[in-house]
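In what follows, a single structure is set out as structure tokens and then discussed.
Numbering (our numbering), first residue to last: 7 to 164.
Structural data, given as structure tokens:
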């Protein structure tokens, strides 16, 4: 019986050493192609760069299965006529908040306890928010119009 346990332990150690290899085992994703180009993606890719122009937005990443990317966690009435996006998420130093209509908008950056760390009016369609002075943690970014919360994002600061 002891030999079986030793063999089983050796087998498990061998299998787990192979699991740490840099191999992509995708649980989801897809591939699309047309006359203008192609795109493929897998789930669990970390965002490392975002490139955009007036009509397109491309976010590139690399495979990292142990990291979660958080997006909007709350969307309230009135937000559906607005386009609000935040990227890159997770971030090291800054995020960009982009909206199609910034009239009367402000944002609040809060820690996970709900304490306001920073707030400001949104004055342009694209606003850069610095995370340089903040510790690694999860933050909440609230987008507000006329004291009504339109959308809340979870932001991961690495």
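Even for Gly, the Cβ is constructed at its ideal location relative to N, Cα and C.
Alpha carbon to alpha carbon, what distance is there between residue 148 and residue 155?
-> 7 Å
Residue of 131, 110, 107 and 102 minimising C-alpha distance to residue 159 | 102
Cutoff 8 Å; reference residue 125; Cβ partners in own chain excluding five residues on either side | 112, 113, 114 and 115
Cα separation between residue 145 and residue 108?
-> Counting only the Cα atoms, residue 108 lies some 22 Å from residue 145.
In chain order, what residues of the same chain lie with their CB nearer than 6 Å to the CB of residue 140, ignoring the 5 residues before and after it?
-> If we look at residue 140 and ignore the five residues flanking it on each side, its Cβ neighbours are 163.
Which word fits residue 92, buried or exposed, when buried means at least 16 other C-beta atoms lie within 10 angstroms of its C-beta?
-> It is buried - the Cβ of residue 92 has at least 16 other Cβ atoms within 10 Å.
Among 136, 88, 96 and 89, which residue has its Cα nearest to the Cα of residue 161?
-> 96
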